[in-house]
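Everything below concerns the one structure shown next.
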Amino acid sequence: MLTIALAKGELLKESIRLLKSVGLDFSAFLEPGCRQLQIEDPTGTARALLVRNGDVPVYVEYGQAQLGIVGYDVLREQNPNVAHVVDLKFGGCRMSVAVKKDSPYRSPLELPMHGRVASKFVHCAREYFESLDLPVEIVYLHGSVELGPITGMSEAIVDLVATGNTLRENGLIEIDTLFQTTARLIAYPLSYRLNTDNVHEYIDRLRAQVAEPAKA
Amino acid sequence: MVYQPPSGARDLLPLDVAQKRWIEHRLQQVLHRWGYHRIITSTLERLDTLMAGGAIAQRQILQIQTANDEALGLRPELTASIARTAVTRLAEGNQPQRLYYNANVFRRPEEGSHSGQQEFYQAGVELLGGSGLLADAEILLLLMESLDNVGLGQQWQLVLGEAGLTRSLLLAFPEAIRSKVRRAIAHLDRIALEEMPLSDDLRERALFLLELRGKPADVIQKVSRLPLDETQWAAVNHLKSLIELLQTTMQTSAEGQATTIPIVLDLSLIRTFDYYTGIVFEAISHGPAGQFSLGQGGRYDELLGVYHPQGESRPGIGFSLELERLHQALLPTGQLPSTTPRSDWLVVSSQESTHAIAFAHSQKLRQSQDMLRVEVDLGGRSQDGIRTYAEGRGIANIAWIKADGSIVEERLAPAL
Chain A
1 MLTIALAKGE LLKESIRLLK SVGLDFSAFL EPGCRQLQIE DPTGTARALL VRNGDVPVYV
61 EYGQAQLGIV GYDVLREQNP NVAHVVDLKF GGCRMSVAVK KDSPYRSPLE LPMHGRVASK
121 FVHCAREYFE SLDLPVEIVY LHGSVELGPI TGMSEAIVDL VATGNTLREN GLIEIDTLFQ
181 TTARLIAYPL SYRLNTDNVH EYIDRLRAQV AEPAKA
Chain B
1001 MVYQPPSGAR DLLPLDVAQK RWIEHRLQQV LHRWGYHRII TSTLERLDTL MAGGAIAQRQ
1061 ILQIQTANDE ALGLRPELTA SIARTAVTRL AEGNQPQRLY YNANVFRRPE EGSHSGQQEF
1121 YQAGVELLGG SGLLADAEIL LLLMESLDNV GLGQQWQLVL GEAGLTRSLL LAFPEAIRSK
1181 VRRAIAHLDR IALEEMPLSD DLRERALFLL ELRGKPADVI QKVSRLPLDE TQWAAVNHLK
1241 SLIELLQTTM QTSAEGQATT IPIVLDLSLI RTFDYYTGIV FEAISHGPAG QFSLGQGGRY
1301 DELLGVYHPQ GESRPGIGFS LELERLHQAL LPTGQLPSTT PRSDWLVVSS QESTHAIAFA
1361 HSQKLRQSQD MLRVEVDLGG RSQDGIRTYA EGRGIANIAW IKADGSIVEE RLAPAL
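Residue numbers (the working numbering), protein chains in the order written: chain A, 1 to 216; chain B, 1001 to 1416.
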């Protein structure tokens, strides 16, 4: 059966809305009190797995899910061996470097050599600072990275920014953007090549839906 | 202290070995019937040998420190080793050479890979000095029969591409961006192609190539619509003839026992770097164990020239099968042995003076018929203890050597 890995959190609602528009209804995940981790759509054609953001590419890379919806930031961070199929255009935000507003730094190159940068996205951060040829120490944190500069543990952070409200409320400002990110439809490469469980039919419908949401 | 195996290493216990040998034996039966001879090359190779073909990067190789600073590595695949030895030591022999191998290979886990496994087992073939339709068809039919003989039936599919044709279709792209286009196609990264700075025509061409797969007849029709040069037409016609030949052969030989393997023609099947010049292919399992690659191969008509002192090349084609993956695909089918072979006899000596009689009797039993398995009890157990042991191991017969040298045979009830 066609299996789709969906990410908990920010992207879930819109992912479910989009899939519904192509005939796959997984809205049971959104019902209050729903504790199920996998559900079938009412027509019995597909199954959805509800997993952590960073686990979506893993299920797709191992072929347990033929399709997945996940942010580009996660794909950049993990570099998984999956097919990047459609830019779904929602969930837009940016990966940014931010520092304390009252710090002297206004560009990443002004950061002190061997300074510390806190991030959940260590791979992206390392790649970025290597491309600047700026040696910094990347500190991995699981969340609330804004506390890094606030407490003085790090000079800067690399994190996802949607509205910028969290940064503002914590007295931080962005000084550079690494890349823009949106939700992506990814596929297990072998399923993509062999059109397993008709993945291409759903890929084409999702692509059409994203291109012209008014239609269908 | 507890000695741990190195990370990524695994030990095969007797049952694992029995199952692995079962698979290898069935593969070898087919390879022998097709006239292939086994070759054993060195596990250790010089780094430059391993990397000469251009498909292996240094970071994939487990390197070895040697006393005289020779840069050595554990082989990540066998084709380089076989090419190295074929151009020198096998060059004088009659062509073609039909060779097969069954060996361990080593790969350094890629950054970000979830599995730390470093040692793998591969069985594969190389057909050297043969080109054209018959050689390509032989290798694909050999792959089909090999997988049929291990009992995979129709639980797999063949994905077939043409690396030479795809490479030449990529020449339409400006050199500056060609490798990026190739990389995006190889990794099925459609979004990268959509975002690449290309003219509308070229973008359309790139996306066309990315999706150039499906039923062979449809794909051949699609690619025929492109403006092709003479060489490209030759490649398309070759593919057409090859697929027809395979399908006719499968139908002819499958009478009564229908095992036709579905073929997907996929002209996006390329890698970022490789040495393939003609057909390339992958065998993909789609049984109850899931969908994964069982092995891959292709034609490499220039590789042998890389190893030849005067750069003279000979055509070559081959494939390799990943034995762990075959094992994984076969496990749910219930065909693999579920126990190690049982001993047929347990010979028990009652006291020191009868030990020699016990060994002599065991030897007589062993020689009485082919592959009779006989163990000698090592003492220190009661008669009941010995019976419990024999029953637990599924041993059917016990020979008790009595103090007077007489032999009492006891047949145990067969285990359920």
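Idealized CB from N, CA, C, for every residue including glycine.
What you are looking at is a predicted structure, and each value in this text was computed from that prediction instead of being measured.
Option in B/E1211, B/S1268, B/I1263, B/E1324 with minimal Cα separation from B/Q1245: The sequence as given places Leu at residue 1245 of chain B; Gln does not occur at that position. Cα-wise, what sits closest to B/L1245 is B/I1263.
Proximal residues to B/Q1291 (C-beta, below 8 Å), its chain only, five neighbours per side dropped: I1284, S1285
Any 3 or more C-beta pairs closer than 8 Å across the stretch 192-212 of chain A and the stretch 101-111 of chain A: no
For B/D1404, the residue or residues it bridges with in DSSP: Per DSSP, none; premise fails for B/D1404.
Separation of B/A1403 from B/S1417, as counted between CA atoms: Any question about residue 1417 of chain B goes unanswered here, given that chain B covers just 1001 to 1416.
Chain B within 8 Å of A/D73, Cβ atoms only: no
Proximity winner among B/L1365, B/A1329, B/T1333, relative to B/D1344 (alpha-carbon distances): B/L1365
B/I1386 Cβ short of 7 Å to the ligand COA heavy atom set: Because no ligand of any kind appears in the structure shown, any question about the ligand COA cannot be addressed here.
Cβ contact (3+ pairs, closer than 8 Å) linking the stretch 61-75 of chain A and the stretch 128-145 of chain A: no
Neighbour list for A/G63 in chain B, Cβ cutoff strictly below 8 Å: G1290, Q1291, F1292
Contained alpha helix (DSSP H) runs [length at least 4] in the stretch 134-208 of chain A, N- to C-terminal order: 147-151, 165-169, 189-194
C-alpha gap between B/V1219 and A/Y192, whole angstroms: 16 Å
Length of the line joining the Cα atoms of B/E1418 and A/I186: Here chain B covers residues 1001 to 1416 and nothing more, so residue 1418 of chain B does not appear.
Contact list for B/V1264 against chain A, beta-carbon separation under 9 Å: R193, L194, N195
N- and C-terminal bounds of the alpha helix (DSSP H) containing A/Q78: 72-78
Members of the stretch 1155-1176 of chain B near chain A, C-beta cut-off 9 Å: Q1157, V1159
The stretch 34-53 of chain A: positions lying closer than 8 Å to chain B by Cβ: none
Residue from B/V1306, B/L1294, B/A1358, B/A1360 with nearest C-alpha to B/L1143: B/L1294
Ranges of the alpha helix (DSSP H) found wholly within the stretch 39-75 of chain A, counting only runs of at least 4: 56-61
Cβ contact (3+ pairs, closer than 8 Å) linking the stretch 1094-1104 of chain B and the stretch 1018-1038 of chain B: yes
Residue of B/F1173, B/K1222, B/Q1221, B/L1188 minimising C-alpha distance to B/L1198: B/F1173
DSSP beta-bridge partners of B/R1098: B/L1127
Coil, strand or helix - B/L1212 by DSSP: coil
Cβ neighbours of B/A1135 in the same chain (closer than 7 Å, five flanking residues each side left out): L1127, I1317
8 Å Cβ cutoff met for A/C93 and A/T181: yes
Residues within the stretch 1205-1218 of chain B neighbouring chain A, beta-carbon criterion of under 8 Å: R1213, G1214
Selection of the stretch 181-192 of chain A by Cβ proximity to chain B, strictly under 8 Å: R184, A187, Y188, P189, L190, S191, Y192
Simplified DSSP state of B/W1034, which is helix, strand or coil: coil
Coarse secondary structure for B/P1380, derived from DSSP in three states: Residue identity check: residue 1380 of chain B is Gly in the sequence provided, not Pro. Three-state result, B/G1380: coil.
Contact under 8 Å by Cβ, A/A183 with A/L88: yes
Chain A residues whose Cβ lies nearer than 8 Å to that of B/I1191: H84, V85, V86, D87, R184
Cα-Cα separation, B/G1385 to B/E1324: 38 Å
B/A1052 in three-state terms, based on DSSP: coil
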